[in-house]
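Residues 304 to 608 (this note's numbering) make up the sequence shown, in order. Glycine included, every Cβ here is placed at the ideal spot set by N, Cα and C. Working notes for the structure below.
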Amino acid sequence: MPVPNFQEFLWPLLELAGDGQEHTLTEAAELVARRFALSETERNEPLPSGKQAKFWNRLSWARTYLQKAQLLASAGRGRFRITERGRRVLIARPPTLDVAYLKRFPEFLQFLASSSHNGQSPVAAQEALDRSGQTPQELLETTYQTLKRELAQELLERVRKSTPGFFERLVLDLLLAMGYGGSRKEAAQALGGTGDGGVDGVIYEDRLGLDRIYVQAKRWQGTVGGPDVQAFAGALMGKKARKGIFMTTGTFSTSAQNYARSVDNLSIVLIDGEQMAQLMIDHGVGVTEETRYILKKIDSDYFEE
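Structure, rendered in structure tokens:
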């Protein structure tokens, strides 16, 4: 089953702490995973950033929300315990323990108010979380991925409309940013324009010139088919190179992808338009930084005594 949203973890966490003992999130993770019959794969499903498991992120936020509502209290060193208020909620057994329920506690409303940075009311600031069931970090990452996709689409449209000369410089800049081509002068001499507005040439894999890579880049909007990749493989062997990068601002057909994977003694990487745009973003080519957000967390080692 998919990982439940963090609000579904609130009651199991409170129940676990109902024994009056101190508990860790690791203990809670085992109990909650069994309760929802989550497989190992589901437990390890990553957030879009890949830096944390979605299950662990949601469980952590469930604990945070219970603490902000003062149903749980920190017991130090990553441990938590139930509070008197938490015991009363356990006894009351509300039909649903969710964010809407937690809003009855003034401390939780104060937490929401302090988390709102744009003048919204505490309730309005929380509405997006209520609707989506995502944690604040998940909402941030989802928004980031959406903005990144929109930027990539705009980049690709501009690249497709660029002149042959500009496209040649772009490919050169991208390869250098990715660590290929040796020096800019060497790479510029190795790569040249083609009659169809593309780029063709052999560059070095690194600054030491230990291996050669044959590069072709096509400023196309259509689909590159199997015959095109077969011709590329033949040209690669003719250039006495074992590795090749074939870029296009369009797409590759299934037969083209299958051929690139199956050809013997050659390593061919296919980069379509969407991948090219993502690489430009990742390596800072044609984009500039607008805003930077840095998420920080407690350094538990610092507080060890």
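Exercise for review: Take S556 as the anchor and find which of G576, D575 and G528 has the nearest alpha-carbon.
Suggested key: Residue nearest to S556 within the set G576, D575 and G528 is G528 (criterion: CA-CA distance).
Practice item. From the DSSP output, read off the bridge partner residues of T551. Key: Per DSSP, K521.
Point to revise | Sequence-distant residues of its chain with Cβ nearer than 8 angstroms to Y404 (five each side left out) | key: Excluding residues within five positions, the ones whose Cβ falls inside 8 angstroms are P397.
Review point. What residue from G389, P530 and L477 has the CA that sits closest to D322's CA?
Key: When G389, P530 and L477 are compared, the shortest CA-CA separation from D322 is found for G389.
Point to revise | Residues sharing a beta bridge with T591, DSSP | key: T591 has no beta-bridge partner at all, per DSSP.
**Study point:** CB contact flag (M550, M583, <8 angstroms)
**Key:** The answer is no: Cβ separation not under 8 angstroms.
**Study point:** Reduced DSSP secondary structure (H/G/I, E/B, other) of F469
**Key:** Looking at F469 - three-state DSSP - the assignment turns out to be helix.
Exercise for review: Report yes or no: is there a C-beta of chain C within less than 8 angstroms of the C-beta of D602?
Suggested key: Of the chains in the structure shown, none is chain C; there is only one protein chain.
Check your understanding: Would T517 be called buried (16 or more neighbouring beta carbons within 10 Å of its own) or exposed?
Key -> It should be noted that the sequence gives Tyr, not Thr, for residue 517. Buried, since its Cβ has 16 or more Cβ neighbours within 10 Å.
Exercise for review: Figure out for me which residue from P349, L415 and E325 has the closest Cα to the Cα of A376.
Suggested key: With distances taken between Cα atoms, A376 lies closest to E325.
Review point. If you compare alpha carbons, which of G541, E311 and L412 is closest to G371?
Key: The amino acid occupying residue 371 in the given sequence is Lys; Gly does not appear at that position. Of G541, E311 and L412, the residue nearest in Cα terms is L412.
Review point. Which term fits Q448, buried or exposed, when burial requires 16 or more other beta carbons within 10 angstroms of its beta carbon?
Key: Burial is judged here by how many other beta carbons sit within 10 angstroms of a residue's own beta carbon; Q448 has fewer than 16 and is exposed.
**Study point:** Beta-carbon proximity of V402 to R361, cut-off 8 angstroms
**Key:** With a cutoff of 8 angstroms on beta-carbon distance, V402 and R361 are scored as not near each other.
Practice item. In angstroms with no decimal places, state the Cα-to-Cα distance between F309 and L317. Key: Taking the straight line joining both Cα atoms gives about 13 angstroms.
Check your understanding: If you pair each beta-carbon of the stretch 561-577 with each one of the stretch 589-597, do three or more pairs fall below 8 angstroms?
Key -> Flag = no, the stretch 561-577 and the stretch 589-597 do not touch.
Exercise for review: State the Cα-Cα distance for the pair L400 and I548, rounded to the nearest angstrom.
Suggested key: Those two C-alpha atoms are separated by around 54 angstroms.
Exercise for review: Alpha carbon to alpha carbon, how far is E330 from R382? Give it in angstroms, no decimals.
Suggested key: Between the alpha carbons of R382 and E330 lies a gap of roughly 10 angstroms.
Point to revise | Span separating the alpha-carbon of K464 from that of R522 | key: So the two alpha carbons sit approximately 9 angstroms from each other.
Point to revise | Straight-line gap, G587 to L459 (C-alpha atoms, nearest Å) | key: Rounded to whole angstroms, G587 to L459 spans 14 angstroms at the Cα level.
Check your understanding: Start and end of the alpha helix (DSSP H) containing L539?
Key -> Unbroken alpha helix (DSSP H) run through L539: G529 to G541.
Exercise for review: Check the DSSP bridge columns for Y507 and list the partner residues they point to.
Suggested key: DSSP links Y507 through a beta bridge to R515.
Exercise for review: Whole angstroms is fine: what's the gap from S603's alpha carbon to G525's?
Suggested key: Roughly 53 angstroms between the two C-alpha positions.
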